Amino acid sequence: MSNWKAGVLLFGPLALLLFGVFLVPVLLLAPTSFHEYSPGVGIVANSWTLENYARIVTDDYYREVVWRTLYLGLGVTVSCLLLGYPVAYLIVRGPARLRLPLTLLVIFPLMLNLVVRSFGWIALLSNRGLVNNFLIQTGLIGAPLKLMFNLTGLMIGMTHIYLPFMVLMLVAALQNVPRDVEAAAATLGSSRTHVFTSVTLPLTAPGIISGSILVFVLTISALVTPRMLGGPTYKVMATLIYDEYMQLLDWPSGSALSFSLTVIAIAIIWASSRITKCWAGMA
Amino acid sequence: MSSLKLDHLSKHYGEAVIVRDLSLEIANGEFVSLLGPSGCGKTTVLRMVAGLIAPTGGKITIGEREITVLPPNKRRIGLVFQSYALFPHLTVFENVAFGLRRQGVKGVELEKRVKDALALVRLDAFGDRYPRQMSGGQQQRVAMARAIAPRPDVLLFDEPLSNLDAKLRDEMQIELKRLQRELGITTLFVTHDQAEALSLSDRVCVMAHGNIEQFAVPEDIYHRPATAFVASFIGKPNRLPGKVASRNGAGGTVEIGCGLTLNADRLDVAAGGEVELFLRQEAIELRTTPAEAPANSIPGTVQLRSFSGAHVQYVVRIGAGTEIVVEAPSSGAASNLEKDASVFLAVAPANVFALAAKGARS
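Protein chains in written order, with my numbering: chain X, 7 to 289; chain B, 11 to 372.
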């Protein structure tokens with residue numbers, strides 16, 4: 007009984023805050039997403055329709071944005087994982103004197119404002135940016151590569167921005183792998199590669215799952231970076247929702263998109279954690 | 011088939027010497043324990059044999075194969091860890107099958123050999139479980155099955171029983187001994203528990219500060235300690251400073267102050283030399299009448315009595331300020347002595363260990 011009370015007291019303040027400023031407003035949006043919107047008039051009262059949701063599936067433009075968002079989320083997650091795992095491995099298993107400098111190097115970008123970091127990528131990736139200028143001047147390419155306002159630009163920028171989260175999750179996971187268990191595999195005849203694939207990798211699965219979920223969710227819901235590196239035309243769901251609300255004032259459509267994004271995110275998180283758990287034999 | 015030979019093995023970390031020029035030969039099928047206090051280098055030796063730590067110098071040979079620089083997976087050894095180190099993401103069956111799969115064993119043969127290994131540790135029915143669903147003792151038996159299933163040339167144990175509670179430890183000791191005798195695999199067993207080392211091993215190697223203090227059969231380690239360190243480490247010794255009064259053949263007489271002397275069967279120090287005397291609590295008999303020669307007989311008074319089940323411990327004062335602890339069987343004649351009772355301590359000269367003070371643990 008006292009345990010239960012302590013639990014309520016500990017969790018209570020956060021629960022109240024989340025309920026008041028997150029759950030209630032979100033639920034208030036639910037009816038809005040089923041209303042009709044008429045340009046120039048606004049939300050039509052007492053009109054109920056599924057059209058806002060149907061459009062996301064049937065309209066080519068909306069469908070493309072949804073797929074692009076998911077593809078971007080997946081791409082950024084995979085590249086963060088591929089780039090982050092070796093770094094995390096080096097931090098945990100490398101020489102002790104490299105541990106602090108490497109960790110600082112990973113965390114340092116988080117201290118810079120998101121807008122500044124995104125703007126930095128504009129300076130690097132634009133048609134007359136540093137990368138293109140360098141490649142043209144060295145004669146490797148004739149015309150500038152299109153590195154912005156497309157998937158490439160978003161992938162590069164967002165992988166950089168979310169990499170620290172992935173690395174920190176993987177560092178925690180790798181620190182939890184007992185060295186004796188790896189040594190046991192080695193004495194049983196496993197080469198270093200086999201020790202990694204058969205022991206280290208499955209035992210870090212929880213970290214891989216949580217890191218991937220974190221990066222995926224942050225990516226598909228990101229607004230500032232896609233806005234800056236994607237420009238006004240190359241849209242993802244978050245920027246589309248923003249425009250529906252703030253520029254078109256089409257709240258019903260924006261609400262429907264918001265709910266769809268949330269449902270998709272939850273479904274993918276659920277499915278991927280199920281799959282990974284089976285793979286790691288934890289189910 | 012496969013003896014294990016360590017040849018002038020050493021390990022330094024910068025200035026710190028962990029293992030110093032250590033040579034050791036274990037015959038095929040022999041069970042040898044490395045016994046010593048923590049920090050004596052015994053685990054480092056084991057890990058060098060396993061290939062988990064690279065030696066600074068020396069050579070390791072299994073049978074005719076020199077393995078000093080081979081990676082662990084090429085050494086054909088089985089290692090059982092203190093922490094069990096089972097694969098938490100694999101079932102018991104897959105844990106045991108791990109090493110066999112690495113050797114390319116598959117199908118019916120694999121199934122049979124895993125079953126056989128599990129049967130040896132009496133866990134036949136547990137193949138489908140995960141390690142976390144098992145008790146500590148069961149997990150350690152899985153770890154043993156996993157180590158023996160690939161039929162290694164040498165088995166290594168790194169304090170495998172010290173995470174288990176006392177009763178389970180005794181059971182596992184017997185099981186381990188039975189298993190090793192049955193399989194006849196050359197075994198190196200690291201422990202800090204002397205009873206474990208003495209009861210399991212064919213020979214015991216007592217280590218201190220990276221050196222071998224004594225390498226002998228358990229009876230010799232117990233009854234004929236070679237150095238002051240071994241005498242102080244094995245059993246529950248009382249420790250007294252003394253001076254050799256006279257020599258008599260291999261033995262002699264030692265003065266321990268207050269006009270008291272003790273005869274010892276073996277004495278390596280010349281007359282007039284300083285020695286340390288070790289009298290085991292359990293090797294002293296408490297009597298109410300003086301003991302007959304040739305046994306030493308020292309008068310004293312009981313200071314304290316403490317009953318602990320099978321034994322009664324007495325603190326007995328001899329001479330002016332020396333106190334000796336004596337352990338008497340609680341069913342014996344000397345089980346119920348009162349405080350201040352006058353007694354005689356009877357010690358056979360064979361049980362008086364008088365050794366040069368150098369190298370003793372302080």
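Where is the CB? At the ideal position from N, CA and C, for every residue including glycine.
The structure presented is a predicted model; accordingly, all values stated were derived computationally and were not measured.
Per DSSP, C215/B is not a residue of any alpha helix (DSSP H); the beta strand (DSSP E) it occupies stretches across 213-218.
The alpha-carbon of V55/B is positioned some 21 Å away from that of S209/B.
When C-beta distances to chain B are compared with 7 Å, the residues of the stretch 192-204 of chain X below that value are A192, T193, L194, G195, S196, S197, in chain order.
DSSP places S352/B in the uninterrupted beta strand (DSSP E) bounded by 352-357. A Cβ-Cβ contact shorter than 9 Å links P150/X with I142/X. Look at the stretch 102-135 of chain B: the residues with a C-beta under 8 Å from a C-beta of chain X are F108, G109, R112, Q113.
Between L32/B and L198/B, the CB-CB gap reaches or exceeds 9 Å. A contact between stretches requires three or more CB pairs, one per stretch, nearer than 8 Å, and the stretch 46-62 of chain X fails this requirement with the stretch 174-189 of chain X. Only residues of its own chain outside the window of five on either side were considered, and among them G61 have a CB closer than 8 Å to the CB of P81/B, listed in chain order. DSSP places F41/B in the strand class (E or B) of the three-state scheme.
For F97/B, at least one C-beta of chain X is nearer than 9 Å to its own C-beta.
Interface flag for A280/B against chain X is unset, since no Cβ pair is found closer than 9 Å. Within the DSSP secondary-structure output, D66/X pairs in no beta bridge. The beta carbons of T75/X and V242/X sit closer together than 9 Å. Unbroken beta strand (DSSP E) stretches of 3 residues or longer found wholly inside the stretch 88-171 of chain B: 164-168, given in chain order. Per DSSP, the unbroken alpha helix (DSSP H) holding K187/B starts and ends at 176-193. Under the Cβ distance rule, D249/X does not count among the residues neighbouring chain B, no pair being separated by less than 9 Å. Taking a Cβ-Cβ threshold of 7 Å, the residues of chain B close to P184/X are S93, A95, in chain order. Secondary structure note for Q181/X: its alpha helix (DSSP H) is the uninterrupted segment 157-181.
Under the three-state reduction of DSSP output, I147/X falls in the coil class, being neither helix nor strand. Against I87/B, the close residues of chain X are T193, in the order they occur along the chain (beta-carbon pairs closer than 8 Å). Within chain B, no C-beta atom comes nearer than 8 Å to that of L176/X; the closest sits roughly 17 Å away. Not a single C-beta of chain B is nearer than 9 Å to the C-beta of P101/X. Contact annotation: in the stretch 71-87 of chain B, residues whose CB is within less than 9 Å of a CB in chain X are P81, P82, N83, K84, R85, R86, I87.
Cβ-Cβ separation between L34/B and C215/B: approximately 6 Å, consistent with a contact (criterion under 8 Å). For P339/B, the closest alpha carbon among the candidates D350/B, Q291/B, K122/B is that of Q291/B. CA-to-CA, the gap between A344/B and V325/B works out to about 13 Å. P160/B has a beta carbon lying within less than 9 Å of a beta carbon in chain X. A155/B is a Cβ neighbour of L130/B, given a cutoff of 9 Å. Nearest to S352/B by alpha-carbon distance, out of I244/B, I328/B, S341/B, is I328/B. Taking all protein chains shown into account, R69/X has fewer than 16 neighbouring C-beta atoms within 10 Å of its C-beta and is therefore exposed. About 5 Å separates the beta carbons of A94/X and V173/X, which is inside the 8 Å limit, making them a contact pair.
From the listed residues F40/X, G13/X, P45/X, the smallest Cα separation to S53/X is found for F40/X. Taking a contact to require three or more Cβ pairs closer than 8 Å, the stretch 92-105 of chain B and the stretch 167-178 of chain B qualify as touching. Annotation for D350/B: T311, V312 place their beta carbon closer than 7 Å to its own, counting only its chain and skipping 5 residues before and after.
Within chain X, the residues whose beta carbon sits less than 7 Å from that of L62/B are A189, listed in sequence order.
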